[in-house]
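Right, one structure below, let's go through it.
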Amino acid sequence: MRETIYLNELSWNKIKWNDSYKIVRRFQKRIFKASLMNQQKKVNFLQRKLIQSPHAKLVAVQTVTTLNKGKSTPGVNGYIAVSDSQKMKIVKNLKLNGKANVIRRLWIPKPGKTEKRLLEIPTIQDRAKQALCKLALEPEWEAKFEPNSYGCRPGRRPHDAIEAIFLNLHHGKDKYVYDADILKCFERINHELLLKKLNTFPLFEIQIKAWLEAGIFDEMTNGAKTSIPTMGTPQGGIISPLLSNIALNGLEFHLMNFVSDLKLKPNPDSAKGKKTKQKALGFIRYVDDILIIHENEEIMNLLIQETKQWLSTIGLEISEEKSNLRKASQSFNYLGFNIILVNRNNKMRIKITPSKKNKKDIIEKISAVIGRNKSVSSYNLICKLRPILLGWGNYFKYCECSKTFQAIDNIIYQQLRAWVFRRAIRQGREKVKEKYFPSGKTYKFQNRKHQANWILNGFTKDKKGEVREKHLPKLSWIKSEKHIKINGTASVYDGNELYWAKRAPVYSMYSTRIKTLLLTQKGKCQYCNERFTVQDTLEVDHIKPKAQGGTTVYKNLQLLHRYCHVEKTRLTGKILQEPDEGKLSRPDLKTRGV
């Protein structure tokens, strides 16, 4: 009753978002702590309190209607919430009631392939309910998830998985690596077994079951009819990645216990103890991408059979065609990286580089952008290429990337040179070269100075007639860095603010610009003056808007919470942010429930 009165008296543009986020995160930390201590009754009590909280409802609705990229994508009912009154209406009606609307199914083309990727879109009302449910369910399972599970978890990233592989292979031994590909993982998860594994209170169980069994409207394949799924998780719901992680949780601990009970030793010289046997097993999972590492072939074959048997208990099986067992010295790909053990001076050394597929993909992507923009100005072309190039480079900088970056730089230079010279047939080549690739210039990039003659430059005039300049940096200007893997049991809900505050500016997926501002502002938002947390989405804001002549220099930039940036933009009535040029991208990750 109290919550209803609170919401009835509230208007969207007067909400103090910081207070709501603080209250929600306090609940989440308490749920995490109770789950860590196996106090299931207390977990369920706190979860009920959280989903009834008006603050949690506000955060859930803001997430799906304002912050998420898919906020303008309607479900099967064609409804999206745009105005403040529409958003408040969803908040007031938001309640877990054990019901779910029909899901809209789309088929999206995969880049460079004839096959299409499945995407299932719930209605905006169901997305808000799922966001509310996730706020309560995620901290419970963050306390239960295994240490080497990295995908779709807050505070974790693909580079943690790659570093875990490095730590398993850097001892100079050629080990066996099994890359397990689960056959249609998200389409075949057994509903009953998943619900049993959740072991939650009745309201949650009924609501999640309703989402799993929600009708799917597929105009392309079902003749405009609705089908009812009997297995799998919807590939588009906010809660879907979490449910998939829950379904696959337990495999690492199971294999560790299995290998410790074997009479076989990892190698003839190793000890017989359980800890030694467990330490010899390497296990990495990024959602459904499973990697098993062991030096003993006989033990590896037993582990593969045990993995298949465990997966069958949740209705899944391994694709024999796509799964591979090989020595690390034969090389393998994982999350876009190529990993191989090479023999140098009679010593095995691990080498990690961008995979051939991803090198080919970035070259083709850059080429396609240049081909589609033959008549645009060099300034506009740079604006299109820069985020793609730097996003790719920032993702792959945590490996031996220098030779790869130099090779790609050379190919891109050839493409840009052809693009430039075909535009000015009647002018001399020297004149054209100096216009687009001026000689003797010094460029500042990521706090370093570089001097080069073949850097594409672009100029434009703003509304005041002032000239703005932009250049396209080389990939090789991005220096290779060492990534430090996240602590095995660390979670964003564990309350260790010091650990996350130190880690975020260095080992996060933020761009150089955001990292610099994060350090300059000492980890605080300039709008609300509250400290950033690892769960926050951060955005760069122009203090003086670009529309009013503001420039993109550090003294005119500030870092804000995303919700603070939205609020500031709403109050000023201006669109203040340009695309962040250094944001990381995962070139070949499958979209999992996004």
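Each residue of the sequence shown is one higher than the last, beginning at 1 in the working numbering. C-beta: ideal position from N, C-alpha, C; glycine also.
{"Item": "Which residue marks the beginning of the alpha helix (DSSP H) containing Ile238, and which one marks its end?", "Value": "Run containing Ile238: none; DSSP gives neither H nor E here."}
{"Item": "For Lys263, count neighbouring Cβ atoms within 10 angstroms of its own Cβ and tell me buried if that reaches 16, exposed if not.", "Value": "exposed"}
{"Item": "Secondary structure at Trp17, three-state DSSP: helix, strand or coil?", "Value": "helix"}
{"Item": "Is Met256 helix, strand or coil when you go by DSSP?", "Value": "helix"}
{"Item": "Taking 6 Å as the limit between beta carbons, can you name the residues of its chain near Ser270, skipping five residues before and five after?", "Value": "Thr276"}
{"Item": "For Ile350, which residues does DSSP report across the bridge?", "Value": "Leu341"}
{"Item": "Rounded to whole angstroms, what's the CA-CA distance from Lys384 to Val369? Just pull it up for me.", "Value": "8 Å"}
{"Item": "Among Lys444, Ile362, Glu306, Phe166, which has the Cα closest to the Cα of Thr404?", "Value": "Ile362"}
{"Item": "Here's the rule I'm using: 16 or more other beta-carbon atoms within 10 Å means buried, otherwise exposed. How should Gln548 be labelled?", "Value": "exposed"}
{"Item": "Select from Gln40, Arg448, Asn77 the residue whose C-alpha is nearest the C-alpha of Leu137.", "Value": "Gln40"}
{"Item": "So, is Asp261 buried or exposed, given that buried needs 16 or more other C-beta atoms within 10 angstroms?", "Value": "exposed"}
{"Item": "By the three-class DSSP mapping on this structure, what secondary structure does Glu320 have?", "Value": "coil"}
{"Item": "For the alpha helix (DSSP H) that contains Val506, what are its first and last residues?", "Value": "497-507"}
{"Item": "Take Gly75 as the anchor and find which of Met256, Ala214, Ala424 has the nearest alpha-carbon.", "Value": "Ala214"}
{"Item": "Report all residues from its chain with a CB closer than 7 Å to the CB of Tyr602; omit the five preceding and five following residues, and keep chain order.", "Value": "Outside the modelled stretch of the chain, which goes from 1 to 594, sits residue 602, for which no answer is possible."}
{"Item": "Just to confirm before moving on: does the CB-CB distance between Leu557 and His542 stay below 8 Å?", "Value": "yes"}
{"Item": "Do you know how far the Cα of Gln309 is from the Cα of Ile121?", "Value": "32 Å"}
{"Item": "If you draw a straight line from the C-alpha of Asp288 to the C-alpha of Glu298, how long is it?", "Value": "24 Å"}
{"Item": "Determine which residues share a DSSP beta bridge with Leu559 and list them.", "Value": "Val540"}
{"Item": "Is Ser20 buried or exposed, if buried means 16 or more other CB atoms sit within 10 Å of its CB?", "Value": "buried"}
{"Item": "Output the residue ranges of the beta strand (DSSP E) runs that lie fully inside the segment 100-153 and measure 3 residues or longer, sorted by chain position.", "Value": "103-109, 116-121"}
{"Item": "Which partner residues does Ile246 have in the DSSP bridge list?", "Value": "In DSSP, Ile246 forms no bridge with anything."}
{"Item": "Considering Cα atoms alone, identify which of Ser439, Gln427, Trp454, Lys431 is closest to Tyr413.", "Value": "Trp454"}
{"Item": "Thinking Ile162 and Phe337 are a contact (beta carbons under 8 Å), I'd like their distance in whole angstroms, please.", "Value": "6 Å"}
{"Item": "Going by alpha carbons, who is nearest to Glu252 out of Ile339, Leu167, Pro147?", "Value": "Pro147"}
{"Item": "Can you look up Gly593 in the DSSP assignment and give me helix, strand or coil?", "Value": "In this prediction, Gly593 scores a pLDDT of 32, lower than 50, which makes its location untrustworthy; the coordinate-derived value is nonetheless stated afterwards. Three-state result, Gly593: coil."}
{"Item": "Counting along the chain, where does the alpha helix (DSSP H) carrying Glu192 start and finish?", "Value": "191-198"}
{"Item": "In whole angstroms, what separates the C-alpha of His565 from that of Asn101?", "Value": "32 Å"}
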